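Chains as they are written, first to last, in the UniProt record's numbering: chain W, 1 to 258; chain R, 1 to 263.
Note that the Cβ used here is the ideal one computed from N, Cα and C, for glycine as well.
Quick caveat: nothing in here was measured; it's all calculated off a predicted structure.
Okay, structure first, notes after.
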Amino acid sequence: MPRPLAPIPNTQRVLLGVSFFVLFVACWALATLGGFVSKIFLADPITMVQNGWELLTKFGFARDIGMTVWRVVGGFTLAALVAVPLGILMGAYKPVEAFFEPFVSFARYLPASAFIPLLILWAGLGETQKLLVIFIGSVFQIVLMVAVAVGATRRDLVEAAYTLGAGDQGVVRRVLIPANAPEIAEILRLVLGWAWTYVIVAELIGSSEGIGHMIIESQSLMATGQIIFGIIVIGLIGLISDFLFKALNRGLFPWRLA
Amino acid sequence: MKSGSLSIEAVSRVFPGVHGGAPTRALEPTTLSVAPNDFITILGPSGCGKSTLLRIVAGLDSPTSGRVLLDGRAVTRPGADRGMVFQSYTLFPWLNVFENIAFGLNERGVPEAERNAIVESYVDKVGLRGFERHWPKQLSGGMQQRTAIARALANDPEILLLDEPFGALDNQTRSLMQELLLGIWERERKTVLFVTHDIEEAIFMASRVLVMSARPGRIKADIAVDLPYPRHYTVKTTPEFSALKARLTEEIRAEAVLAATEH
Ligand SMILES: Nc1ncnc2c1ncn2[C@@H]1O[C@H](COP(=O)(O)OP(=O)(O)OP(=O)(O)O)[C@@H](O)[C@H]1O
Ligand SMILES: [Mg+2]
Numbered sequence: 001m002p003r004p005l006a007p008i009p010n011t012q013r014v015l016l017g018v019s020f021f022v023l024f025v026a027c028w029a030l031a032t033l034g035g036f037v038s039k040i041f042l043a044d045p046i047t048m049v050q051n052g053w054e055l056l057t058k059f060g061f062a063r064d065i066g067m068t069v070w071r072v073v074g075g076f077t078l079a080a081l082v083a084v085p086l087g088i089l090m091g092a093y094k095p096v097e098a099f100f101e102p103f104v105s106f107a108r109y110l111p112a113s114a115f116i117p118l119l120i121l122w123a124g125l126g127e128t129q130k131l132l133v134i135f136i137g138s139v140f141q142i143v144l145m146v147a148v149a150v151g152a153t154r155r156d157l158v159e160a161a162y163t164l165g166a167g168d169q170g171v172v173r174r175v176l177i178p179a180n181a182p183e184i185a186e187i188l189r190l191v192l193g194w195a196w197t198y199v200i201v202a203e204l205i206g207s208s209e210g211i212g213h214m215i216i217e218s219q220s221l222m223a224t225g226q227i228i229f230g231i232i233v234i235g236l237i238g239l240i241s242d243f244l245f246k247a248l249n250r251g252l253f254p255w256r257l258a
Numbered sequence: 001m002k003s004g005s006l007s008i009e010a011v012s013r014v015f016p017g018v019h020g021g022a023p024t025r026a027l028e029p030t031t032l033s034v035a036p037n038d039f040i041t042i043l044g045p046s047g048c049g050k051s052t053l054l055r056i057v058a059g060l061d062s063p064t065s066g067r068v069l070l071d072g073r074a075v076t077r078p079g080a081d082r083g084m085v086f087q088s089y090t091l092f093p094w095l096n097v098f099e100n101i102a103f104g105l106n107e108r109g110v111p112e113a114e115r116n117a118i119v120e121s122y123v124d125k126v127g128l129r130g131f132e133r134h135w136p137k138q139l140s141g142g143m144q145q146r147t148a149i150a151r152a153l154a155n156d157p158e159i160l161l162l163d164e165p166f167g168a169l170d171n172q173t174r175s176l177m178q179e180l181l182l183g184i185w186e187r188e189r190k191t192v193l194f195v196t197h198d199i200e201e202a203i204f205m206a207s208r209v210l211v212m213s214a215r216p217g218r219i220k221a222d223i224a225v226d227l228p229y230p231r232h233y234t235v236k237t238t239p240e241f242s243a244l245k246a247r248l249t250e251e252i253r254a255e256a257v258l259a260a261t262e263h
């Protein structure tokens, strides 16, 4: 048995990670190809790959993927541009926090998907509405988490900066922000994952493009292979964006790993 | 005018009670005047208010009564004229050694060429040549405290406040650090307040040793150390040194007994 917290070699880590995927697909194949689950409810892996290939080559699914990615990135970027500065201000200045925190805490629990009918009423079925769903779903989460992170900055570092002649603004710019930058990046990575779930919900309702739209179309055709392919594509994109985010963080914050 | 004269006038600090308990009298009204270039060490049992006193001088905490004057001006908030080295490690983890030492200079907008020259000179003075690009995490405890001392000194404060900076170091490293700090002080002549638990350390560096009583803290003895500067570590084996040490040991012991029986 491994010891608690003891690190493992890189190759072993990758191998273990891949082996669970293999195990998962194997169970799925056994259940479907072995005839334990009806094809109507769950397509087998081979059909799924074939359907996926058709989607990509014949039905222009790549464009749907592009659409969905752009919606997520667009809505999420807008949310981050508003939320990160506000979160930093709230963490740094207690009156700002006292002003916004109760409302943001309340707004955080408003389900973004429940806003979809309202947003359709206000913004129509276009891109604005999709971006707004993701924006609403992400912005309050980011604000609150960033504010908590900044508020928990080590006090002794702040005090050290003051004794070195830093002013109040200097402390915000040169201590609170750099000290929490890795944590903020981590928060963004986490919330980006949630943004993916909002975009699909937004696309399930009143959309003519996107992965979510394809999934709802496939449902009416009982094409479970296509649905599963769509879901797996989302998972893969999530995995890739996660990986990129982590690599970026490693590059930006080498002091964290030293 | 040579600056760095500190005057502590009837400064006291009472912390409000925790969970409805009785308030803590951390510091009894304390009066003290420190001449420019004095090297003062403060000895006292744990919890007697040494850190509290230093934090008030730094402007990080406010006294319940009394006031602190530096060169005649009242201290109300922290500033670059009072450099501090903390009891805990407080290097900025996202800055390397060079950037940490440059922090105060950057904050004051010192031109780059001048700033780099100052930082380089302190890198040499604290013996960290070759480690300028290391992150704090990659340094030993002693190296981190040396960087912290360089960071405070590079800012050219009028008075340097050190709160048990060598507390976590082994004896050998600690001796070397004392010589290093003393060497820098002998060359640059700054007013220094240095808190420590170590009697030898207190005598070796100080021109004046203050002994604080157990809580509530007050200054119980104020002893001049007349050993000539520059001091070599061999001074620790002289009879004068031993006599001072014996005397201080007595003073401290009485307080330690008091502090221990109080709890
Ligand atoms: N922020 C605070 N709130 C309440 N009580 C405090 C606070 N800071 C210090 N105290 C109390 O004041 C007293 C003196 O604390 P201080 O940190 O000054 O001691 P010290 O002499 O530096 O001790 P040590 O040698 O262990 O560092 C202690 O009894 C402590 O409990
Ligand atoms: Mg202390």
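query	result
Do you know whose CA, among W:D44, W:P117, W:N180, W:V96, lies nearest W:S207's CA?	W:P117
What number of angstroms, rounded off, separates the C-alpha of R:M1 from the C-alpha of R:D156?	Residue placement at R:M1 cannot be trusted, given a pLDDT of 43 that sits under 50; the coordinates are not used to answer.
For W:L164, would you say it is in contact with chain R, using Cβ-to-Cβ distances shorter than 7 Å as the test?	yes
Given that R:T90 touches chain W, what residues does it touch there, using C-beta distances under 7 Å?	D156, L157, A160
Following the continuous alpha helix (DSSP H) through W:P182, name the residue where it begins and the one where it ends.	177-204
In this structure, does DSSP put R:L6 in helix, strand or coil?	strand
Applying a beta-carbon distance threshold of less than 7 Å, which residues of chain W neighbour R:E114?	Within 7 Å Cβ-Cβ: nothing; R:E114 doesn't reach chain W, min ~16 Å.
Compile a chain-ordered list of the residues in the segment 12-45 of chain R whose CB is closer than 7 Å to at least one CB of chain W.	none
Which residues, in order along the segment 179-194 of chain W, keep a beta-carbon less than 9 Å from a beta-carbon of chain R?	A179, A181, P182
Establish whether the CB of W:G170 and some CB of chain R are separated by less than 7 Å.	yes
Note down, in chain order, every chain W residue with its Cβ under 9 Å from the Cβ of R:E107.	A161, L164, G165, A166, G167, G170, R174
How is R:R215 classed by DSSP in three states: helix, strand or coil?	coil
Report the CB separation of W:A223 from W:N51 in whole angstroms; it is logged as a contact under 8 Å.	6 Å
Short of 8 Å Cβ to Cβ, which residues in the segment 233-255 of chain W face chain R?	F253, P254, W255
Closer than 9 Å by beta-carbon distance: list the chain W residues that pair up with R:W94, in chain order.	P178, A179, A181, P182, F253, W255, R256
Tell me which same chain residues have a C-beta within less than 7 Å of the C-beta of W:V146, skipping the five on either side of it?	A83, V84, G87, I88, G91, I184, I187
When the Cα atoms are used, what is the spatial distance from R:G141 to W:I231?	51 Å
Please compile the residues from chain W whose C-beta is within a distance smaller than 9 Å of the C-beta of R:A150.	Per Cβ cutoff of 9 Å: no residues; R:A150 is ~12 Å from chain W at best.
Please determine whether the Cβ atom of R:K50 lies at a distance below 6 Å from any heavy atom of ligand 1.	yes
Looking at the unbroken beta strand (DSSP E) that takes in R:L160, where does it start and where does it end?	159-163
At least one CB of chain W closer than 7 Å to the CB of R:N155: is that the case?	yes
Is any heavy atom of ligand 1 found at a distance shorter than 6 Å from the C-beta of R:S213?	no
Got a sec: is the Cβ-Cβ distance from R:G4 to anything in chain W below 7 Å?	no
Taking C-beta pairs closer than 8 Å, name the residues in chain W that R:A74 reaches, listed in chain order.	Within 8 Å Cβ-Cβ: nothing; R:A74 doesn't reach chain W, min ~17 Å.
Using a Cβ cut-off of 7 Å (strictly closer), state whether R:G142 contacts chain W.	no
Return yes when the Cβ of W:G210 is within less than 7 Å of the Cβ of residue 266 of chain W, no when it is not.	With chain W running from 1 to 258 in the structure shown, residue 266 of chain W is simply not present.
Taking 7 Å as the CB-CB cut-off, is residue 267 of chain R touching chain W?	Coverage of chain R is limited to positions 1 through 263, which leaves residue 267 of chain R absent and any answer about it impossible.
Name the residues in the segment 55-89 of chain R whose C-beta lies less than 7 Å from a C-beta of chain W; which are they?	A58, L60, P78, G79, A80, R82, G83, M84, F86, S88
Beta carbon of R:Q87: closer than 6 Å to some heavy atom of ligand 2?	yes
Could you check how far apart the C-beta atoms of residue 271 of chain R and R:F39 are, in whole angstroms? I think they sit under 8 Å.	Residue 271 of chain R lies beyond the stretch modelled for chain R, which goes from 1 to 263, so this question has no answer here.
Which one of W:T11, W:W255, W:V72, W:V172 has the shortest CA to CA distance from W:K130?	W:V72
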